[in-house]
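Asker: One structure coming up, written as structure tokens, with questions to follow.
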Amino acid sequence: MTLSIDVRQLKIEGIEADLAQGKITLGEAVKRLRMDVTTLQQTQFAGMCKISVRTLIQIEHNEGNPTLKSLNAIFKPFGLQMGVVRRPRKF
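In my numbering, the protein residues as written are 2 to 92.
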């Protein structure tokens, strides 16, 4: 099933917001982007991002120590990149 550009953008923005608010982990965000936005299998998505399937699996399971290069390769197709953001204050 092919999603419209508007629907894809809404999904990306929702995942981005959930990640920024700490509702999901980085690995969960990557998995949701892959599954909900691209609908690609891990092997296809890893190939598209030019990373190994093992690296993708580790990231999706919040394991290992991914490089910034790998993470940016994953986020680039969605118009995203890793960065520094202010942590929300907890009162």
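Every residue, glycine too, gets a C-beta built ideally from N, C-alpha and C.
On a predicted model such as this, the values are computed, not experimentally measured, just so you know.
#1: Is there contact between the segment 19-27 and the segment 35-47, where contact requires at least three CB pairs shorter than 8 Å?
#2: Have a look at K70 and R87 and give me their C-alpha separation to the nearest angstrom.
#3: Where in the segment 27-54 do unbroken runs of the alpha helix (DSSP H), each at least 4 residues long, occur, reported from the N-terminal end onward?
#4: DSSP three-state label for F76, please.
#5: Between the C-alpha atoms of I75 and V8, what's the straight-line distance to the nearest angstrom?
#6: Quick check on the burial criterion: 16 or more other C-beta atoms within 10 angstroms. Buried or exposed for L72?
#7: With burial defined as no fewer than 16 other Cβ atoms inside 10 Å of the residue's Cβ, what is the status of P89: buried or exposed?
#8: Name the two residues that bound the continuous alpha helix (DSSP H) containing L11.
#9: What does the Cβ neighbour count give for E61, buried or exposed, with the cut at 16 atoms within 10 Å?
Answerer: Reading off the structure:
#1: At 8 Å Cβ cutoff, the stretches do not touch.
#2: Between K70 and R87, the alpha-carbon positions lie close to 22 Å from each other.
#3: Counting only runs of 4 or more, we get 27-33 and 43-50.
#4: Residue state, collapsed to three classes: helix.
#5: Straight-line Cα distance between these residues: approximately 20 Å.
#6: L72 is buried by the Cβ-count criterion.
#7: Its Cβ having fewer than 16 others within 10 Å, P89 is exposed.
#8: For L11, the uninterrupted alpha helix (DSSP H) segment begins and ends at I6 to A21.
#9: E61 comes out buried.
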